[in-house]
Amino acid sequence: MQSKRQVLVRRLLDWYDRHHRPLPWRETSDPYRIWVSEIMLQQTQVETVLPYYERFLERFPTVEALAAAKPDEVLRVWEGLGYYARARNLHAAARRLVERSGGRVPETREALLALPGIGAYTAGAILSIAFGRRAASIDGNVRRVWSRIFASADGRTAPADLEDLAATIVPREAPGRFNQAVMDLGATVCTPRNPRCDGCPLRDLCPARAGGLQHVLPAVKKKAPVPERDGTAGVVTDAAGRLLIVQRPAEGLLGSLWKFPGGFSRPGEPPEATLERTVREELGIRIRVGDRIGAVKQVYTHFRLTLHVFTGRIGRGRPRALACQDWAWAPLDTLADRPFSGVDRKVMAVLAARR
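Using this note's numbering, read the sequence shown as starting at 8 and increasing by one per residue.
Structure representation (structure tokens):
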């Protein structure tokens, strides 16, 4: 008699053969392309990733091509996908591989984990999908499926050792297909809300469904209210009409992207005072704040931003890179060549509408 593990492996692979999503990274065995897809899919939905994946690989088709690129080139192609540390880490890892192993993607867990931006989930995905190694890969979708399938007999509690459990379930044959099958099941059937249990190949093996608690597991903490923050951006021009732009620090929010000078407001601080203070901190200059020309909004993972936009001129001093990586004077029509965040692109749209 087959064990529960054997039954679910067979059923999942059969289900995947019939219902898997046709995705471009599933049409290749190139470890580099699979690695790129897994990095892009971190905290990002498949539909969002698809056009970025195609553009990125058109521009950087190999590890060597990515390693040879300038950081701004990589960020420009990544622009809009968010979580920019992923792009910086991918670029740094490519350079390391070219320097140390001729651009070859590692085939061991230890070597993969040593690369910037690769954690346990990504290492497991690359090993199983690209190299056919037996390795578990647990993302949010996989965790949800196993939490329900291996819940207690009454369906009320999820297993505490999901990582260890998952490692014992992955088969030696077709581990990559199996991991992708669980991911697809979680993404399309065993969803967080309103799971489609009637279409699940494991429905009769699921204690959570038997107990009517498939909507409860895994337990999710209530999210705290998203705070509102205010900030300012300065459209500071010189005598030639060029715009002053600054490059953000490498670490932190939107690291290494370019932006208009300015920053977050302190509690109770008027936006004009915020702009004067933050530009002084970034560039060591004093500016004369001009007219308020609008405000733009942006939603981030942990807060909502209202960015107040003002014109300005330098009143005293010459720019220096103090709380930023770099600065430059640039005409508005050349800004498309540099990587900016979505909120700064909205500022550009405000400027374009005033022309």
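Built from N, CA and C at the ideal position, the CB exists for glycine as well.
Excluding sequence positions up to five away, which residues of its chain have a Cβ less than 6 Å from the Cβ of GLY131? Translated into positions along the sequence shown, residue 131 becomes position 124. Answer for GLY131: ALA142, ALA143 and SER144, listed in chain order.
Do you know how far the Cα of LEU82 is from the Cα of ASP344? Counting from 1 along the sequence shown, the entry for residue 344 is found at position 337. Counting from 1 along the sequence shown, the entry for residue 82 is found at position 75. When rounded, the distance between both Cα atoms is 11 Å.
Applying the 10 Å Cβ sphere with the 16-neighbour rule, what's the burial state of GLN221? Taking the first residue of the sequence shown as position 1, residue 221 is located at position 214. By the 10 Å Cβ count, GLN221 comes out buried.
Whole-angstrom distance between PRO232 and ALA226, CA atom to CA atom: Translated into the one-based positions of the sequence shown, residue 226 becomes position 219. Translated into the one-based positions of the sequence shown, residue 232 becomes position 225. C-alpha separation (whole angstroms): 19 Å.
Identify every residue that forms a DSSP beta bridge with HIS315. In the sequence shown, the residue the question calls residue 315 occupies position 308. Note: HIS315 sits in a beta bridge opposite THR239 and ALA302.
Starting from TRP336, follow its DSSP beta bridges and name the residues at the other end. The residue given as residue 336 occupies position 329 in the sequence shown. DSSP output for TRP336 lists LEU251 as bridge partner(s).
MET8 versus VAL16: straight-line alpha-carbon distance, rounded: As a working note, residue 8 is residue 1 in the sequence shown. As a working note, residue 16 is residue 9 in the sequence shown. Bear in mind that a pLDDT of 43 at MET8, under 50, signals an unreliable position, so the model cannot answer this.
Taking Cβ to Cβ, would you say GLY248 is nearer than 8 Å to ILE294? Numbered from its first residue, the sequence shown carries residue 248 at position 241. Numbered from its first residue, the sequence shown carries residue 294 at position 287. Not a contact, by the Cβ cut-off of 8 Å.
Note down the Cα distance separating ALA257 from GLN332, rounded to an integer number of angstroms. Locating residue 257 in the sequence shown gives position 250, where the first residue counts as 1. Locating residue 332 in the sequence shown gives position 325, where the first residue counts as 1. Distance between the alpha carbons of ALA257 and GLN332: 7 Å.
Can you pull the DSSP bridge partners for VAL296? Along the sequence shown, one-based indexing puts residue 296 at 289. Residue pairing by DSSP puts VAL296 in a beta bridge opposite GLY319.
Taking 8 Å as the cut-off, decide whether the C-beta atoms of ARG151 and PRO208 are in contact. Position 144 of the sequence shown, counting from 1, holds the residue named residue 151. Position 201 of the sequence shown, counting from 1, holds the residue named residue 208. Pairing ARG151 with PRO208 gives a Cβ-Cβ distance that is not under 8 Å.
According to DSSP, simplified to helix, strand and coil, what is PHE347? Here residue 347 refers to the residue found at position 340 of the sequence shown. DSSP, reduced to helix, strand and coil, places PHE347 within a strand of the structure shown.
Ignore the nearest five residues each way along the sequence and tell me which others in GLY126's own chain have a CB closer than 8 Å to its CB. Position 119 of the sequence shown, counted from the start, is the residue given in the question as residue 126. Contacts found: LEU120.
Cα separation between VAL189 and GLY218? Within the sequence shown, the letter at position 182 stands for residue 189. Within the sequence shown, the letter at position 211 stands for residue 218. In a straight line, the C-alpha of VAL189 is about 22 Å away from that of GLY218.
Drop a sphere of 10 angstroms on the beta-carbon of ARG40, count the other beta-carbons inside from all chains shown, and report buried for 16 or more, exposed for fewer. As a working note, residue 40 is residue 33 in the sequence shown. Buried, since its Cβ has 16 or more Cβ neighbours within 10 Å.
CB TYR90 to CB LEU264, shorter than 8 Å? Translated into the one-based positions of the sequence shown, residue 90 becomes position 83. Translated into the one-based positions of the sequence shown, residue 264 becomes position 257. No.
Let me make sure I understand the geometry here. Which of GLU71, GLY147 and ASP21 has the alpha-carbon closest to that of GLY110? Counted from its first residue, the sequence shown places residue 110 at position 103. The shortest Cα separation from GLY110 among GLU71, GLY147 and ASP21 belongs to GLU71.
Collapsed DSSP secondary structure at LYS11 in the structure displayed: As a first step, residue 11 must be located in the sequence shown, where it is residue number 4. Collapsing the DSSP output to three states places LYS11 in a helix.
Give the DSSP-derived three-state secondary structure of LEU198 in the structure shown. As a first step, residue 198 must be located in the sequence shown, where it is residue number 191. Per the sequence shown, residue 198 should be read as Thr rather than Leu. In the structure shown, THR198 falls within a coil segment according to DSSP collapsed to helix, strand and coil.
Use the C-beta contact count for ASP21: other C-beta atoms within 10 angstroms, 16 or more gives buried, fewer gives exposed. The residue labelled residue 21 in the question sits at position 14 within the sequence shown. Residue environment: ASP21 is assigned as exposed (fewer than 16 neighbouring CB atoms within 10 Å of its CB, all protein chains considered).
If distances are taken between C-alpha atoms only, which option among ARG216, ARG273, ARG93 and ASP351 comes closest to ALA302? Stepping through the sequence shown from its first residue, residue 302 is reached at position 295. Across the set ARG216, ARG273, ARG93 and ASP351, the C-alpha of ASP351 shows the shortest separation from the C-alpha of ALA302.
Is DSSP giving THR364 helix, strand or coil here? This structure leaves residue 364 out entirely; the chain is present only between 8 and 362.
DSSP beta-bridge partners of LYS266: Indexing the sequence shown from 1 puts residue 266 at position 259. According to DSSP, LYS266 bridges with VAL253.
For PHE271, which of helix, strand or coil comes out of DSSP? The residue you call residue 271 lines up with position 264 of the sequence shown. Three-state DSSP puts PHE271 in a strand.
Closer than 7 Å by C-beta to VAL357: which residues in its own chain qualify, once you throw out the five before and the five after it? Chain order, please. If you number the sequence shown from 1, residue 357 lands on position 350. For VAL357, where only same-chain residues beyond five positions count, the Cβ hits under 7 Å are ILE300, GLY301, VAL303 and VAL316.
How would you write the range of the alpha helix (DSSP H) that ASP211 sits in, first residue to last? Position 204 of the sequence shown, counting from 1, holds the residue named residue 211. No alpha helix (DSSP H) holds ASP211; DSSP gives it neither H nor E.
Do MET47 and LEU88 have their C-beta atoms closer together than 8 Å? Counted from its first residue, the sequence shown places residue 47 at position 40. Counted from its first residue, the sequence shown places residue 88 at position 81. One thing to note: MET47 has its Cβ within 8 Å of the Cβ of LEU88.
Roughly how many angstroms separate the alpha carbons of LYS77 and ALA335, rounded to a whole number? Here residue 77 is taken as the residue at index 70 of the sequence shown, counted from 1. Here residue 335 is taken as the residue at index 328 of the sequence shown, counted from 1. Going from the Cα of LYS77 to the Cα of ALA335 covers about 17 Å.
State buried or exposed for THR101, treating a residue as buried only when at least 16 other CB atoms are found within 10 Å of its CB. Taking the first residue of the sequence shown as position 1, residue 101 is located at position 94. Note on residue identity: the sequence assigns Ala, not Thr, to residue 101. Residue environment analysis places ALA101 among the buried positions, since at least 16 neighbouring C-beta atoms fall within 10 angstroms of its C-beta.
Hey, how far is the Cα of ARG210 from the Cα of VAL149? As a working mapping, residue 210 is identified with position 203 in the sequence shown. As a working mapping, residue 149 is identified with position 142 in the sequence shown. About 16 Å.
Classification of ARG255 by the beta-carbon crowding that lies within 10 angstroms, buried from 16 upward: Working through the sequence shown from its first residue, we reach residue 255 at position 248. Buried, because 16 or more other Cβ atoms sit within 10 Å of the Cβ of ARG255.
Drop a sphere of 10 angstroms on the beta-carbon of GLU34, count the other beta-carbons inside from all chains shown, and report buried for 16 or more, exposed for fewer. Numbered from 1 along the sequence shown, position 27 holds the residue referred to as residue 34. Burial state of GLU34 is exposed, judged by a 10 Å Cβ sphere holding fewer than 16 other Cβ atoms.
Counting along the chain, where does the alpha helix (DSSP H) carrying SER154 start and finish? To locate residue 154, count along the sequence shown from 1; it is residue 147. Element bounds for SER154: 147-156.
Same chain, Cβ closer than 6 Å to ALA359, neighbours up to 5 away in sequence not counted: In the sequence shown, the residue the question calls residue 359 occupies position 352. The answer is none, since no qualifying residue turns up.
Would you report the Cα separation of ARG325 and ALA337, rounded to the nearest angstrom? Within the sequence shown, the letter at position 318 stands for residue 325. Within the sequence shown, the letter at position 330 stands for residue 337. When rounded, the separation of the alpha-carbon atoms in ARG325 and ALA337 is 16 Å.
C-alpha distance - SER36 paired with ASP79, whole-angstrom precision: Here residue 36 corresponds to residue number 29 of the sequence shown, with the count starting at 1. Here residue 79 corresponds to residue number 72 of the sequence shown, with the count starting at 1. For SER36 and ASP79, the distance between alpha carbons rounds to 29 Å.
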